[in-house]
Amino acid sequence: MTSNDPLLQPYQLRHLTLKNRIMSTSHEPAYSEDGMPKERYRLYHAEKARGGMALTMTAGSAIVSRDSPAAFGNLHAYDDAIVPWMAELADACHEHDCKVMIQLTHLGRRTAWNKADWLPVLSASPVREAAHRTFPKTAEDWDLDRIVGDYASAAQRMQAAGLDGIEFEAYGHLLDGFWSPATNHRDDVYGGSLDNRLRFTWRVIDAVRAAVGPDFLVGIRMVADEDFDKGLSRQEGVEIARRLASSGKFDFLNIIRGHIDTDAALTGVIPIHGMPSSPHLDFAGDIRAATKFPVFHAARIADVATARHAIASGKLDMVGMTRAHIADPHITAKVMAGEEHRIRPCVGATYCLDRIYEGGGALCIHNAATGREATIPHVIARTDGPLRRTVVVGAGAAGLEAARVLAERGHKVTVLEAASQAGGQIRLAAQNPRRRELIGIVDWRLAELERLGVEIRYDIWAGLDDVLALDPDAVVIATGGLPQNPPLDGGDELVTSSWDIIAGSVKPAENVLLYDDNGGHQGMTAAELIGKAGSRLELLTPERFFAPEIGGMNHVPYMEAFHRHGVKITINTRLKQVRRDGNQLVATLVSDFAKGWSEERRVDQVVVEHGTLPLDELYLELKPLSKNSGAIDYTSLIHGGDIFPDNNPDGRFLLLRIGDAVQARNIHAAIYDGIRFGLRI
């Protein structure tokens, strides 16, 4: 049936027919093995193809030269060994009529010298790149000659692999390093005028065209305005776009605005939650109007309504929903089926990118199947085993996910929740106005549970009798945890938990010391709220650097708040004890490094963050009544088989606990527990 939905209209890009207007732009999920896109990489892209998108862009970016060492799992486009792997990936996506391209780059200064072959990092000029702490050398003529050839060879490899095209990366990397006045201080034929600054780009595209011919699609993801006073101006950026578009050498422009050499700047290009949605969409539309050329774009276009507007209004030809597809790779299929309301929302947490930049693979904060397609399905199939009456105790992240998966598998599920609302610690985290989008994690699951007919009973502090009254075949304990104090030599009764501050049950005092030895969002959120309340705040941590668990992009809005509100940050210092002195508290601080060193802080309030202790009383009561005594066979959990050992022949039900009821972790860990254990019941 023909659809009038703008998103579902085909798009003709020269000889290539894209079946709709939805794409995933190039990004590096850091799933590569030895620089190759092996099974995990292939399955990740194949799932998005299965989900109905028209074009998936791989790599972010694949590196063309050995002196461009991988910064975060980049594919090795310089190695002939990549051809069969890319061919296998392309074939897997083509089975679903999803076209495949790859992004090629020389990272220039956006990498580190102490990796791979320890070759010198280079750029147009020796301007330090803060994000990777790199002092690049000035690229010499022989460097540029070599790299031009490397681009051409890499493009030939991708053509040989059967890809539908390539795009160059030109924001923060080598190509645009020549464009920008901030990074190009040369006085030779590659510096000064715009003609000179584009000279290297023309050399690269000419070499690539000579290698792959005129019919292979070649585009460029390009910065058209670096949005800072020393960088590439909007005027020059638009002029570059015009020149590239009119050259006859490129087939599309993929538009970016901003610069990425610091964490703060990067969030301007790729906003996280609490920041504006689609902030550069109008700018990309201006480029399309100015060039009359195919324009792609992605930057926090997280919902179908915005994507549809981008196409319907003529701002874009193809709309990138990249993080949105990490959250739900089946967006297009759900739009086609009239089930937009069932799309798992991207909540902007940017756990995916923060993990990449911290050296891990991309994982969605609330879709544990992404990146685990070999073992965790995105679509839950009905079980072919016995249907079980299942009780889930706790409606936080872990409990809601377990209930959803169990219900999808056909089990009868009842959820018992002590509070009057579902959500647990997610609802607490969303008390920070900047992070309120996190509640989408809860709302989506509640909607799914309603569709599946799952009963949730609120305001029940479930005890043994409540569970046994439901005569369960399986019980999932997802009761979470409660905040605990850090180990102190004295003064436990005098401190306030971060939870109390975030929940608003305790107001920040005038002069506050916050001690955080957990390093996650909890302490940082409490600090942000205290600072915004107008309190004088010192944030204290024993870590070498503070909040190591949150990642660089989420670090940005916290630091903005801390600087604006005068928050003092002290690292490498431990809270030893707290005592009362009149109307104030005296905190004793000590050092792990200097034995015998100590200082005191006289404050009105001491707030502490030390994670949670499992709320496990019900679990311990149920253990002796269960068939497996609460035990899990981890080998079978990982490799397959029955995960519940038969430890108690007289047991009445299977029993497991998940999420923070086991140990303090994070939202993703809780949801991963919920799905991987739910699939095994």
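Read left to right, the sequence shown gives residues 1 to 681 (UniProt numbering). Ideal Cβ placement from N, Cα and C applies to all residues, glycine included.
Can you tell me the Cα-Cα spacing of residue i and residue j, whole angstroms?
i, j, result
"Arg14", "Gly268", "33 Å"
"Leu473", "Ile681", "Looking at the sequence shown, residue 473 is not Leu but Asp. The straight-line gap from Cα to Cα measures roughly 10 Å."
"Glu549", "Met559", "15 Å"
"Thr17", "Gly440", "35 Å"
"Ala526", "Leu266", "24 Å"
"Gly410", "Ala154", "49 Å"
"Ala299", "Arg257", "9 Å"
"Cys346", "Pro6", "21 Å"
"residue 686", "Val475", "Because residue 686 is not part of the residues shown, which for the chain are 1 to 681, the question remains open."
"Glu167", "Tyr151", "11 Å"
"Met53", "Lys334", "11 Å"
"Asp492", "Leu438", "31 Å"
"Ile632", "Thr56", "39 Å"
"Leu625", "Lys576", "42 Å"
"Ile643", "Gly359", "31 Å"
"Gly177", "Phe293", "24 Å"
"Thr240", "Ser498", "It is worth fixing the name first, because residue 240 is Ile in this sequence and not Thr. Taking the straight line joining both Cα atoms gives about 50 Å."
"Trp461", "Glu417", "7 Å"
"Arg388", "Lys412", "6 Å"
"Arg133", "Ala71", "12 Å"
"Ala290", "Leu194", "18 Å"
"Gly481", "Ile658", "11 Å"
Between the beta-carbon of residue i and the beta-carbon of residue j, is there less than 8 Å?
i, j, result
"Ile365", "His668", "yes"
"Leu620", "Gln484", "no"
"Ile501", "Leu464", "no"
"Pro69", "Ala116", "yes"
"Leu637", "Ala374", "no"
"Leu316", "Ala284", "yes"
"Asp164", "Met222", "no"
"Ala664", "Ala398", "no"
"Gly274", "Arg435", "yes"
"Arg109", "Pro136", "yes"
"Arg308", "Trp444", "no"
"Ala62", "Asn74", "yes"
"Leu678", "Val391", "Sequence inspection shows Gly at residue 678; the Leu mentioned does not correspond to that position. No, the Cβ-Cβ distance between Gly678 and Val391 is not below 8 Å."
"Arg40", "Tyr31", "yes"
"Leu446", "Ala422", "yes"
"Arg157", "Ile82", "yes"
"Asn518", "His639", "no"
Sort out for me which residues DSSP pairs residue i with in a bridge.
i, result
"Ile102", "Thr58 and Ile166"
"Phe653", "Ser626"
"Gly76", "For the sequence presented, residue 76 should be read as His rather than Gly. Answer is Ile63, bridged to His76."
"Met587", "Correcting the residue identity first, residue 587 is Ala in this sequence and not Met. According to DSSP, which records beta bridges pairwise, Ala587 is partnered with Val578 and Arg601."
"Ala474", "Thr390 and Leu654"
"Tyr458", "In the DSSP output, where bridge partners are listed per residue, Tyr458 has none listed."
"Val512", "Leu537 and Gln605"
"Ala15", "Ala is not the amino acid found at residue 15; the sequence shown has His there. Answer is none; His15 lacks a bridge partner."
"Pro614", "Gly481"
"Arg221", "Glu169 and Asn254"
"Lys412", "Arg389"
"Ser497", "Val608"
"Leu122", "Lys137"
Would you call residue i buried or exposed, if buried means 16 or more other Cβ atoms sit within 10 Å of its Cβ?
i, result
"Glu617", "exposed"
"Val189", "exposed"
"Val250", "The question names Val, but residue 250 in the sequence shown is Phe. The residue in question, Phe250, is buried, as its Cβ has 16 or more Cβ neighbours within 10 Å."
"Glu538", "buried"
"Asn432", "buried"
"Thr350", "buried"
"Val379", "exposed"
"Glu599", "exposed"
"Ile331", "buried"
"Gln425", "buried"
"His185", "exposed"
"Ile571", "exposed"
"Lys230", "exposed"
"Lys627", "buried"
"Asn114", "exposed"
"Lys99", "buried"
"Ser123", "buried"
For residue i and residue j, which I take to be in contact (beta-carbon distance under 8 Å), what is that distance rounded to the nearest angstrom?
i, j, result
"Leu494", "Leu585", "6 Å"
"Ala478", "Ala661", "6 Å"
"Val467", "Leu622", "7 Å"
"Ile260", "His297", "At roughly 16 Å, the Cβ-Cβ gap does not stay under 8 Å, so Ile260 and His297 are not in contact."
"Glu28", "Ile326", "Rounded, the Cβ-Cβ distance is 12 Å, inconsistent with contact."
"Gly641", "Arg579", "Incorrect: roughly 55 Å between the Cβ atoms, too far for contact."
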